[in-house]
Amino acid sequence: MALARWRAELDTSGGTPKLASVAKRQVAQSPADQFGARVVGLPLQGKPEGNAVENPPYAFPFYKLEAIVPDGSVPVGFWRSVGHSHTAFFDESFVDELALALKKDPFEFRRELLAKNPRHLKVLETAAKEAGWGTALPAGSGRGIALRASFGSIVAQVAEVTVTDGKTLQVKRVTCAIDCGPVVNPAIVRAQMESGIIYGLSAALYGEITLAGGAVEQSNFPDYDAVRLADAPVMAVHLVDTGSSAIGGVGEPGTPPIAPAVANAIFAATGKRLRNLPLRL
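First residue of the sequence shown: 183, per the numbering used here; consecutive thereafter.
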């Protein structure tokens with residue numbers, strides 16, 4: 183379980199609204215603590231997951247963070263990208279909402295906030311350029327963008343979606359850019375990004391766990407679906423060289439940006455803002 187509440191203050195004294203401050207309160211269970219308690223009888227961390235409350239790379243004028251680990255009776259464990267998955271959804275959805283409030287393009291707004299983070303900026307710009315950001319799309323279609331740094335790598339993704347009859351969603355294309363430092367095997371990096379995208383997209387669209395009578399209702403694929411081959415988007419992965427000498431991970435960083443990218447694309451296509459996972463139209 184994870185929840186977040188973002189707040190922003192806008193300075194309107196000069197006529198044109200400007201961002202003055204942002205504050206975030208995030209509540210998330212700790213897999214490390216629960217795993218340690220189950221296996222060795224002691225929590226492994228005793229504090230919020232580092233990757234669940236990692237500060238965003240954006241240059242907010244003022245940023246306040248409050249992180250809380252609740253006592254929960256429902257056991258949780260690790261999964262691909264751990265806390266980065268839900269945190270990216272919280273953060274990147276909110277940045278899009280900020281852009282809307284300030285009447286700015288979501289990509290251009292992120293560019294402004296990343297002026298002092300050239301690695302992040304180059305990755306973001308690569309994804310936007312390769313996705314054709316700003317070009318026209320048919321009615322009922324939209325693009326969404328999201329950025330996340332995790333496990334030593336920086337990943338930006340642009341999702342292109344189509345919504346039919348206001349209720350049928352198709353993720354048609356995902357453009358991904360990654361800076362993971364020196365690349366040893368480009369094919370492996372691309373394969374891991376594609377795998378991470380499908381994993382994250384499956385969770386974003388279908389990954390709901392429900393409880394009844396003190397037990398989980400889902401057991402396997404018949405009642406816990408995943409993206410099938412026929413519904414998989416066209417994916418393009420671009421490797422970005424920013425000159426970093428540090429080698430980053432590729433197994434997990436492809437997962438976090440996809441949920442907010444799709445949610446932001448749905449808003450661009452329909453005007454409907456989705457703030458919960460899995461995404462339901």
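Note that CB positions come from ideal geometry on N, CA and C, so glycine has one too.
Asked, Found
"Range of the contiguous beta strand (DSSP E) that encloses residue 183", "That residue, residue 183, is in no beta strand (DSSP E); it is neither H nor E in DSSP."
"Whole-number beta carbon distance between residue 338 and residue 365, since they are thought to touch under 8 Å", "Residue 365 to residue 338, Cβ: 17 Å. No contact."
"Close-in-space but distant-in-sequence residues of the same chain around residue 383 (CB under 6 Å, 5 per side omitted)", "409, 440"
"Cβ distance (whole Å) where residue 348 is taken to contact residue 452 below 8 Å", "7 Å"
"Nearest candidate by alpha-carbon position, reference residue 244, set 388, 307, 380, 205", "205"
"Secondary structure of residue 341, DSSP reduced to three states", "strand"
"Residue environment, residue 264, which counts as buried when at least 16 other CB atoms sit within 10 Å", "buried"
"At least 3 beta-carbon pairs within less than 8 Å: the region 370–385 vs the region 423–435", "yes"
"Local conformation of residue 255 per DSSP, three classes", "coil"
"Helix, strand or coil at residue 216 according to DSSP, with G and I counted as helix", "helix"
"CB-CB length for residue 460 against residue 406, believed under 8 Å", "In fact, because the Cβ distance is near 11 Å, the residues do not count as touching under 8 Å."
"Residues of its chain near residue 321, where Cβ-Cβ distance is below 8 Å and the 5 sequence neighbours each way are ignored", "none"
"Three-way DSSP call (helix, strand, coil) for residue 274 in this model", "helix"
"For residue 457, three-class secondary structure by DSSP", "coil"
"Backbone CA spacing between residue 311 and residue 326 [nearest angstrom]", "13 Å"
"Boundaries (first-last residue) of the beta strand (DSSP E) holding residue 381", "Element bounds for residue 381: not the beta strand (DSSP E) but the alpha helix (DSSP H), 368–388."
"Under the three-state DSSP convention, the category residue 265 falls into", "helix"
"Burial state of residue 222, where buried means 16 or more other Cβ atoms lie within 10 Å", "exposed"
"Outcome for residue 271 when other beta-carbon atoms lying within 10 angstroms are tallied against a minimum of 16", "buried"
"Beta-carbon proximity list for residue 328, same chain, < 6 Å, skipping 5 on both sides", "274, 339, 439, 442, 443"
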